[in-house]
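What follows is a single structure, written as structure tokens, with notes after it.
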Amino acid sequence: MAVREVRKIGDPVLRESAAAVDIAAVATADFARLVDDMVETMHAEGGIGIAAPQIGESVRVAVIAIDPASSRYPGMTGFPLTLFINPRISVVDPTEQGFWEGCLSVPNLRGYVFRPRGIRVEFLDGSGRPRSLHAEGFLATVLQHELDHLDGVLFVDRVRDTTKLTTIENYARYWASTASAPTDI
Ligand code: NI
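Letter 95 of the sequence shown, counting from 1, is numbered 96 in this note's numbering, and no numbers are missing.
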């Protein structure tokens, strides 16, 4: 296992449409190493999710883990460490909701992003078995942010009101009391 370099905005790998994982590859040592590196890097960077392109691997794999005990994200609903292979999202509730978002690949920036409120995600788990889950609220935003990375999309692309782009310092100074907590997804 290793903490890998997090690729930052401007790196072309973040703008590629990532390749689907061949199910036969899921059981290989190389794949296990990729997942281990993603988890270790996510934890080292203090994120609650990471997608493979963020460590330079253009494949459709993402990991999400929200620890409600983390002082970095007080008050958040927890979500156990979950591996998403070849995920596909469908919107089940298109009502828009807005959250402040940040990203390990977009240093020192927050933006206010509207996304659909309810989604369903179909994916393969770490054993290659099909799974699905329904998500609403903040978790739905986290999943959409994370899976956007697999299509080369960053949260800044979805910020409609660019006057609500802010540094972390200015988020705390001017915006923190106005809406939901930010997060690095
Ligand atoms: Ni991100």
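Even for Gly, the Cβ is constructed at its ideal location relative to N, Cα and C.
Rounded to whole angstroms, how far is the Cβ of residue i from the Cβ of residue j, which I believe are closer than 8 Å?
i    : j    : result
E123 : F156 : The Cβ separation is near 23 Å, so there is no contact.
Y172 : R111 : 5 Å
R174 : S106 : Actually they do not touch by this definition, with Cβ atoms about 24 Å apart.
G79  : I65  : Not confirmed; about 11 Å, so no contact.
S59  : E17  : 5 Å
W176 : T167 : 6 Å
D38  : A3   : 5 Å
Among the options, which residue has its Cα nearest to the Cα of residue i?
i    : options                : result
V160 : Y113, E97, A63         : Y113
V267 : R132, A21, I56, S133   : Lying outside 2 to 186, the shown extent of the chain, residue 267 is not represented and no answer is given.
I90  : I10, Q145, T164        : Q145
G187 : D149, I67, E58, F32    : In the structure as shown, the chain begins at 2 and stops at 186. Residue 187 is therefore absent and cannot be evaluated.
L84  : E6, A25, V36, V154     : V36
A20  : G153, D158, E170, K165 : G153
P108 : E17, S178, I169        : I169
C104 : I24, D31, D149, D38    : D149
G99  : G127, D162, T29, R132  : D162
P131 : D31, D94, I24, D158    : I24
V22  : E97, I86, A141, A33    : I86
R34  : G127, L134, D94, P95   : G127
E97  : L134, D12, A141        : A141
Are the beta-carbon atoms of residue i and residue j separated by less than 8 Å?
i    : j    : result
S45  : A52  : The question names Ser, yet the displayed sequence has Ala at residue 45. Going by C-beta atoms, A45 is not nearer than 8 Å to A52.
P54  : L151 : yes
E147 : R118 : no
F1   : M77  : This structure leaves residue 1 out entirely; the chain is present only between 2 and 186.
R61  : P88  : yes
A143 : I120 : According to the sequence provided, residue 143 is Val. The question's Ala does not apply to it. Result no, Cβ atoms of V143 and I120 do not sit closer than 8 Å.
V27  : G129 : yes
Residue ranges of each beta strand (DSSP E) within the stretch 56 to 106, 3 or longer: 62 to 67, 80 to 104
In chain order, which alpha helix (DSSP H) runs of at least 4 residues are fully inside the stretch 136 to 171? 138 to 149
Please give the ranges of any beta strand (DSSP E) in the stretch 9 to 61, keeping only runs that are unbroken, at least 3 residues long and fully inside the region. 50 to 52
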